[in-house]
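Number of protein chains: 2
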Amino acid sequence: MARSEFRIIADLFAPLARTPAALGLKDDVALIAPRKGHELVLTTDAIVAGVDFFANDPPDTIARKALRVNLSDLAAKGAEPFGYLLTLALPKTVTQSWLKAFARGLAQDQRTFRIALLGGDLSGTPGPLTVSVTAFGHVPKGKAILRRGARPGDLVFVSGTIGDSGAGLAALLAKKRSPFIARYRVPEPRTRLGPKLRGLATAALDVSDGLIADLAHIADQSQVHIAVEAARVPRGSKLSPAEAATAGDDYEIAFTAPRARRAKVLAAAKAARTPVTEIGFVMPGRGIALLDSAGKPIPLKRTGYRHF
Amino acid sequence: MARSEFRIIADLFAPLARTPAALGLKDDVALIAPRKGHELVLTTDAIVAGVDFFANDPPDTIARKALRVNLSDLAAKGAEPFGYLLTLALPKTVTQSWLKAFARGLAQDQRTFRIALLGGDLSGTPGPLTVSVTAFGHVPKGKAILRRGARPGDLVFVSGTIGDSGAGLAALLAKKRSPFIARYRVPEPRTRLGPKLRGLATAALDVSDGLIADLAHIADQSQVHIAVEAARVPRGSKLSPAEAATAGDDYEIAFTAPRARRAKVLAAAKAARTPVTEIGFVMPGRGIALLDSAGKPIPLKRTGYRHF
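Residue numbers (this note's numbering), protein chains in the order written: chain A, 1 to 308; chain B, 1001 to 1308.
Below you can see the structure in the form of structure tokens.
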């Protein structure tokens, strides 16, 4: 890289930071004046080449995945995103045209999700490309949807389809073509649905490690048992329910809501133009089970992606 | 690493997150209710093994450096820190006892600076250990000290000493002992001084890339010329003024203030128990110069650290 950090920032990233909070990327900091009556929701996720994406993936899809996995977290909490910090650790092999395409991907998703770059950090690394994003959203005070609110008697819902991203990853690893590769590379955060679930959902999170593994977090934090009916798990690919529910990288919203709110939940989904499927129920107890059509737990080799 | 991400978080990091905002690290997000009448100041900096620190540095000093370089940014803006996000990319070679010592370093500095862990992300990496911190502070609305406020006639000040960290790095590279190695490994962010400069300093930043390189940012953003008198640059090591002023990693605050406020600035420094030295002046024009005792610019091979 012949060009300096400052030129890269001025040429490629400052145009992405057209918000007063970013101070034109000309200071070391960003200044956020939070919206009245709101709390700030923040989340951070890093994606690493060779772990979370392929180093030869198109640069714009890498940028968009890094953004979207974070926007997905905010959406699941009922928050509306407004900005993000970007930390790039760049290997020497990264070219100017790669960076341009990367910035183009950011610009595209900034328009889609109405967010702005607030600041960040650029450094060289002898290791793999790492893209770290911290995303910020607003939620009315006390209205964030956490993991800990599920109650026995609640129903379990999930948006979209489960396992498609996993099918895309399997195709990439097998060097085959598949319509699901796009789903793996560029997830679809449910930013329209999330805010409409405020006041309806009792607990929610986004499915990143796998439907079963993530619902286990809700069961754990809410101190309840969650049962998922395998046949009801919405799938676009040919993965079995057990495969789909443990694949990960879905970036759908899984949530619980009282049975009495079922109609309201489905109306909210319709208003958000987002498919939502009822997949299970909450009971007293602990832990999670994926049930076959006879109501018996299906033994699982693993519940989802393990980071170590 | 035999233990999973979740155990590491529960055992080592959850005890660092004893603030309601962190939700016990049991959700995907943190929830910040900003202080009334204040803005949030945020900054993010990553440190990479082999670039910003040595992989065999003591783990607690790596943790503390990652925190402190960010706290230094907040202090220079006049902000009071309250929390941080931590993103760790861990190579497989990292052991449980290394992580324990790392967490101990965080705990120590959390007490020193009265901050809490708000959340973060843990992932494996085939590359070097990378520690990324995003730090959050409060500043009364409109009172953040930016880079763009320096005016002709202002004086230039710097806290502490310059070049000591560079001398420490040189000793480490030469495999020699030096009292300055500690300074390189664990910088001293000027968190007491920063908030006291609100309403006094017209522009400020922390010295990370080198005194001259960083003051050039103030000159650039404020559209002024800055002259630094070499003989006045406060030094603890045997580096020459030109070496010290281009060494970097100092994490002192460099700032400008009107001549009429000189006495107030020195009183604020005393109240903060932080040495502050007058080192130069601001003039109409552009750019920066390091002046010898005859008032002539000293030619510099470089102005500071280049990231690429």
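Here a beta-carbon is modelled for each residue, glycine too, at the ideal position from N, C-alpha and C.
| Check | Outcome |
| --- | --- |
| Just list the residues that DSSP pairs H225/A with in beta bridges. | M283/A |
| Select from the region 17 to 45 of chain A all residues with a C-beta closer than 8 Å to any C-beta belonging to chain B, and list them in chain order. | L23, K26, D27, D28, V29, A30, L31, I32, A33, P34, E39, L40, V41, L42, T43, T44 and D45 |
| Taking C-alpha atoms, which residue in I1032/B, L1040/B, I1009/B and G1037/B lies nearest to L1025/B? | I1009/B |
| Please classify L1173/B as buried or exposed, where buried requires at least 16 neighbouring CB atoms within 10 angstroms. | exposed |
| Assign T1130/B to one of three DSSP states: helix, strand, or coil. | strand |
| For E278/A, which of helix, strand or coil comes out of DSSP? | strand |
| Please tell me whether H1307/B has its Cβ less than 8 Å away from any Cβ of chain A. | Unreliable positioning characterises H1307/B in this predicted model, as indicated by a pLDDT of 47, which lies under 50. The coordinate reading is nonetheless provided below. At least one chain A Cβ lies under 8 Å of H1307/B. |
| When the Cα of E1080/B is compared with those of G1160/B, A1271/B, I1047/B and L1042/B, which residue comes out closest? | L1042/B |
| L42/A by DSSP, collapsed to three states: which one? | strand |
| Cβ closer than 9 Å: which chain A residues qualify as neighbours of R1147/B? | L23, K26, D27 and D28 |
| Among D1292/B, D1028/B, P1179/B and G1142/B, which has the Cα closest to the Cα of V1228/B? | D1292/B |
| Can you tell me the Cα-Cα spacing of D1073/B and V1029/B, whole angstroms? | 24 Å |
| Residues of chain A with CB under 8 Å from L1085/B, in chain order? | L42, T44 and T134 |
| Where do the ends of the beta strand (DSSP E) carrying A1030/B lie? | A1030 to I1032 |
| What are the boundary residues of the alpha helix (DSSP H) that I181/A is part of? | I181 to R185 |
| Can you list, in chain order, the residues of its chain with a C-beta nearer than 7 Å to that of K1264/B? Leave out the 5 residues immediately preceding and following it. | L1200 |
| So, with DSSP's three-state summary, where would you put E80/A? | strand |
| Residues of the region 110 to 129 of chain A in Cβ contact with chain B at a cutoff of 8 Å, in chain order, please. | L118, G119, G120, D121, L122, S123, G124, T125, P126, G127 and P128 |
| Thinking just about the alpha-carbon of each residue, which of A89/A, R35/A and A101/A is nearest to the one in V48/A? | A89/A |
| So, are the CB atoms of P1195/B and V1069/B less than 8 Å apart? | no |
| For K77/A, go through chain B and note every residue whose CB falls closer than 9 Å to its CB, in chain order. | D1027, D1028, V1029 and L1031 |
| Which residues in chain B have a C-beta closer than 8 Å to the C-beta of A144/A? List them in chain order. | V1029 and L1031 |
| What first and last residue would you give for the beta strand (DSSP E) that runs through L1169/B? | Segment D1164 to L1173 is the alpha helix (DSSP H) holding L1169/B; no beta strand (DSSP E) there. |
| So, with DSSP's three-state summary, where would you put T1112/B? | helix |
| Whose C-beta lies closer than 8 Å to the C-beta of A1022/B among residues of the same chain, with five residues either side of it excluded? | A1030, G1083, A1116, L1117, L1118 and G1119 |
| Can you say whether S1237/B is buried or exposed, counting buried as having 16 or more other CB atoms within 10 angstroms of its CB? | buried |
| Is G1248/B buried or exposed, if buried means 16 or more other CB atoms sit within 10 Å of its CB? | buried |
| In three-state DSSP terms, what is I253/A? | strand |
| Which value, in whole angstroms, describes the spacing of the CA atoms of M283/A and A269/A? | 24 Å |
| Can you list the residues of chain B that A206/A reaches, using a CB-CB cut of under 9 Å? | Note that residue 206/A is Asp in the sequence shown, not Ala. The answer, in chain order, is D1028. |
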